[in-house]
């Protein structure tokens, strides 16, 4: 398939612009302090809810096999429960997926 | 009051150091991105260019897939918008958290660096966010993101296929590492996380509902779960100030 590099460049720049605007518009133009407890609580919970919805169930389909995804999820939960940090949790989960795929004879 | 000249570099290096764990996590994720790009026949500069200008995980993975599938511009823009609309909510949340004196141009520049992980770390900081701190907190993950993409796009083919497959979980494992510690300490966060995850499964597996695209699914789950949390477990003023 021949690739049109000027189109790729153009589309990537548009993607960048759209992404930037979602991040910048509130920060640039909203200055008031929110006092309503309901909205403040909502914003407090939001990042955790977003990340949870992105992770479950997608992690189960992020490797070559459902089961290695499941193993990675389990190990990730254990490592993060003991607060091992971003890096160790990410590497530990990847290692679990790797080991299970070896066990299943996928590679 | 006149501050000592070095206060900028103190805050900046503090932010930079706080960002290093994110940077290391990002290297593995963006490595997978760079690798996926060259495996799909793109030259190395394309994933690098995407990572440098977009600096977003889920959005740029989806954008590249659509680009390779020959999707139209409108479809790509709509997908990016839906996947990244959560940044608007995070940015909105940060307006309450940044120092009041942050200038327009500083907001303009720093907005570029709002990612899930940077936001999570920034919002857990007790003090108001100073531009120097936020700049450092953004710079180290950004360098990690670009470096990982470069490595994946140039040397990724040297990695055995079993490792390539396993790297796919790195992004999600990083998300888990952000969610679980606060969920452990404060049970309403745990409940909100369970609601979001359960609802996400419902929307993914139940027929008809499963036709909802991934981006919309995230928005619906996040709004419903945080809304339920806010309604039934409003966060106390003291905790909001501590952000823990």
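Residue numbers (the numbering used here), protein chains in the order written: chain A, 1 to 107; chain B, 108 to 351. All residues carry an ideal CB built from backbone N, CA and C; glycine is no exception. The structure presented is a predicted model; accordingly, all values stated were derived computationally and were not measured.
Listed by chain order, chain A residues near residue i by CB distance under 9 Å
i                      : result
residue 223 of chain B : 47, 50, 51, 54
residue 315 of chain B : Ordered by position in chain A, no residue passes the 9 Å Cβ test against residue 315 of chain B, which lies about 17 Å from the chain.
Per-residue burial, residue i [other beta carbons within 10 Å of its own, 16 or more giving buried]
i                      : result
residue 252 of chain B : buried
residue 182 of chain B : exposed
residue 4 of chain A   : exposed
residue 234 of chain B : exposed
residue 132 of chain B : buried
residue 83 of chain A  : exposed
residue 102 of chain A : exposed
DSSP state of residue i mapped onto helix, strand, coil
i                      : result
residue 241 of chain B : helix
residue 341 of chain B : coil
residue 327 of chain B : helix
residue 172 of chain B : helix
residue 83 of chain A  : coil
residue 351 of chain B : Confidence is the limiting factor: at residue 351 of chain B the pLDDT is only 42, short of 50, which leaves the residue's position unreliable and the question unanswerable from this model.
residue 56 of chain A  : coil
residue 17 of chain A  : helix
Inter-residue Cα distance where the pair is residue i and residue j
i                      : j                      : result
residue 25 of chain A  : residue 346 of chain B : 27 Å
residue 143 of chain B : residue 104 of chain A : 24 Å
residue 223 of chain B : residue 125 of chain B : 15 Å
residue 27 of chain A  : residue 156 of chain B : 25 Å
residue 11 of chain A  : residue 339 of chain B : 43 Å
residue 70 of chain A  : residue 99 of chain A  : 12 Å
residue 167 of chain B : residue 41 of chain A  : 30 Å
residue 271 of chain B : residue 139 of chain B : 7 Å
residue 325 of chain B : residue 257 of chain B : 29 Å
residue 177 of chain B : residue 206 of chain B : 44 Å
Residues that residue i contacts on chain B, provided the C-beta gap is smaller than 8 Å
i                     : result
residue 86 of chain A : 128, 129, 131, 132, 224, 281, 284, 285
residue 13 of chain A : 160
Residue(s) in a DSSP beta bridge with residue i
i                      : result
residue 205 of chain B : B/236
Amino acids of chain A, ordered along the chain, whose beta-carbon sits closer than 7 Å to that of residue i
i                      : result
residue 336 of chain B : 41, 45
residue 212 of chain B : By Cβ distance, chain A contributes nothing, its closest Cβ being about 10 Å from residue 212 of chain B, past 7 Å.
Residue i: contacting residues in chain B (beta-carbon distance under 7 Å)
i                     : result
residue 81 of chain A : 287, 291
residue 6 of chain A  : By Cβ distance, chain B contributes nothing, its closest Cβ being about 12 Å from residue 6 of chain A, past 7 Å.
8 Å Cβ cutoff, residue i in contact with chain E
i                     : result
residue 66 of chain A : Looking at the structure shown, chain E is missing, and the protein chains on hand are A and B.
Proximal chain B residues relative to residue i, where beta-carbon distance stays under 9 Å
i                     : result
residue 69 of chain A : 275, 276, 279
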